């Protein structure tokens with residue numbers, strides 16, 4: 092902790108990605124940020140956009156909120172709500188406080204919420220502020236009773252909280268740097284992040300590479316852009332001695348007997364080239380892919396299908412697992428022979444950090460922020476170079492000395508991104524903002 096630490100204050104955090112059943116990297120960031128705030132001795136206000144009636148009985152609000160948390164989906168909207176979504180006014184919007192009495196029983200989604208002191212909601216908040224921005228070109232303003240000193244939006248959202256210092260985390264500018272690898276509306280996204288840079292009291296990001304991108308591409312004032320990096324919340328490994336048996340019983344895998352890719356299946360993760368390189372490497376060690384399908388997943392997985400009516404040789408050695416809980420993902424990471432994460436472009440690269448922390452040899456890439464995260468603790472190659480990927484996979488498969496060297500370096504490199512280090516950087520940031 093830094094000297095002259097800031098006295099306890101309240102920090103607001105958005106719930107944009109929190110409590111998602113399968114989680115995201117941004118959800119992980121939000122949970123870790125909340126933990127850092129608590130470690131610093133500050134209290135947390137959470138702000139959600141759960142679709143519950145604004146005029147509901149106060150005694151029922153808690154049940155309505157937790158009953159709907161994580162369940163919202165455009166496919167479940169009634170026609171009346173679909174029509175209402177077209178209407179948005181330019182005035183300020185009020186947040187309502189959700190009473191938390193303990194009357195509800197925590198389920199999977201709600202159990203993932205970080206510790207908080209107060210809970211606020213505005214129905215359809217995040218959809219509403221996006222429509223407001225598209226229509227008026229301005230951020231939507233929220234009001235709430237006794238606002239926190241700082242409102243830390245963990246994602247670029249077109250909304251601000253009156254009476255608070257508003258800061259925004261921009262994780263990366265992948266939609267602008269790698270436009271064909273992302274789904275976002277590029278005009279909307281460009282306008283959004285530029286307005287974030289203009290409106291924010293401070294911009295936070297997660298790597299020096301992302302900081303440079305924000306300054307260069309958005310013409311941001313360097314003094315207003317702070318890199319705090321991030322950290323991992325990978326659970327501790329349960330009963331390490333029993334890990335080989337769990338891998339065998341649950342997944343029919345051998346300890347240190349498989350390569351692992353884990354993360355969203357989308358173009359920037361480069362899984363298509365990983366699969367091609369693995370097949371060309373012609374090795375016996377199986378490849379396990381853990382991750383849910385995102386945008387253009389079909390393109391990334393096309394080599395797993397059939398060509399001219401038959402599967403490609405080696406495809407049977409590739410196994411897919413759509414999703415596993417974090418505890419089982421921890422098992423799979425710790426049991427891997429090596430982790431493969433040569434992404435095309437990352438603002439940080441959380442799967443790389445998690446592999447390093449587990450002491451698992453890592454294949455990474457030379458692009459984006461990954462060199463910052465991995466240092467000399469990974470085997471890094473040009474992610475576009477199939478031959479380089481093939482050779483790297485073969486080396487990791489056959490060179491035990493290389494694997495041992497990388498496994499030893501990993502935890503030391505990962506320690507640079509510990510929860511304590513992250514909390515200290517966040518504390519310095521908040522101190523700077525409050526004492527301006």
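In our numbering, the protein residues as written are 92 to 527. Glycine included, C-beta positions come from ideal geometry on N, C-alpha and C. This structure is a prediction, so every number in the text was calculated from the model and none was measured.
Check	Outcome
My guess is that residue 383 and residue 356 are in contact by the Cβ rule of under 8 Å, so how many angstroms apart are they, rounded?	7 Å
Locate the beta strand (DSSP E) running through residue 413, then write down its first and last residues.	Neither: residue 413 is in no beta strand (DSSP E) and is coded neither H nor E.
CA-CA distance, residue 120 and residue 476?	31 Å
Suppose the cutoff is 8 Å on Cβ atoms and the five residues either side in sequence are ignored; what does the same chain contact list for residue 299 look like?	318, 460, 463
Would you grab the beta carbon distance between residue 188 and residue 210 for me? Rounded to a whole angstrom, and I think it's under 8 Å.	7 Å
Are residue 465 and residue 429 closer than 8 Å when you measure CB to CB?	no
Does the segment 340-350 come into contact with the segment 299-308, if we say contact requires no fewer than three beta-carbon pairs (one atom in each stretch) closer than 8 Å?	no
Report buried or exposed for residue 455, applying the criterion of at least 16 other Cβ atoms within 10 angstroms of its Cβ.	buried
Short of 6 Å in beta carbon distance, which residues of its chain neighbour residue 417, apart from the five on each side in sequence? Order them along the chain.	326
Give the DSSP bridge partners of residue 429, in chain order.	350
Less than 8 Å between the beta carbons of residue 239 and residue 125, yes or no?	no
Can the beta-carbon of residue 123 be found less than 8 Å from the beta-carbon of residue 293?	no
On the premise that residue 452 lies in contact with residue 497, defined as a C-beta separation below 8 Å, what is that separation, rounded to the nearest angstrom?	4 Å
On a CA-only basis, which of 272, 264, 233 is nearest residue 256? Give me that one, please.	233
Using a Cβ-Cβ cutoff of less than 6 Å, which residues in the same chain neighbour residue 260 once the five nearest sequence positions on both sides are dropped?	245, 295
For the candidate residues 220, 504, 128, 149, whose alpha-carbon lies nearest to that of residue 140?	220
Kindly identify the DSSP beta-bridge partner or partners of residue 356.	384
So, with DSSP's three-state summary, where would you put residue 438?	coil
Buried or exposed, going by whether 16 or more other CB atoms sit within 10 Å of the CB of residue 266?	buried
To the nearest angstrom, report how far apart residue 268 and residue 519 are at their CA atoms.	29 Å
Output yes or no for whether 8 Å exceeds the beta carbon distance between residue 368 and residue 481.	yes
Output the distance between the C-alpha atoms of residue 286 and residue 508, rounded to the nearest integer angstrom.	29 Å
So, at 7 Å on beta carbons, what are the nonlocal neighbours of residue 70 in its own chain, with the 5 sequence-adjacent residues on each side left out?	Residue coverage of the chain in this structure runs from 92 to 527, which leaves residue 70 outside it and unanswerable.
Where does the unbroken beta strand (DSSP E) through residue 451 begin, and where does it stop?	Premise fails: residue 451 is in no beta strand (DSSP E) and is neither H nor E.
Using only alpha-carbon positions, find the residue among 488, 487, 499, 473 that is nearest to residue 449.	499
Have a look at 99, 116, 108, 131 and flag the residue whose alpha-carbon is nearest the alpha-carbon of residue 514.	131
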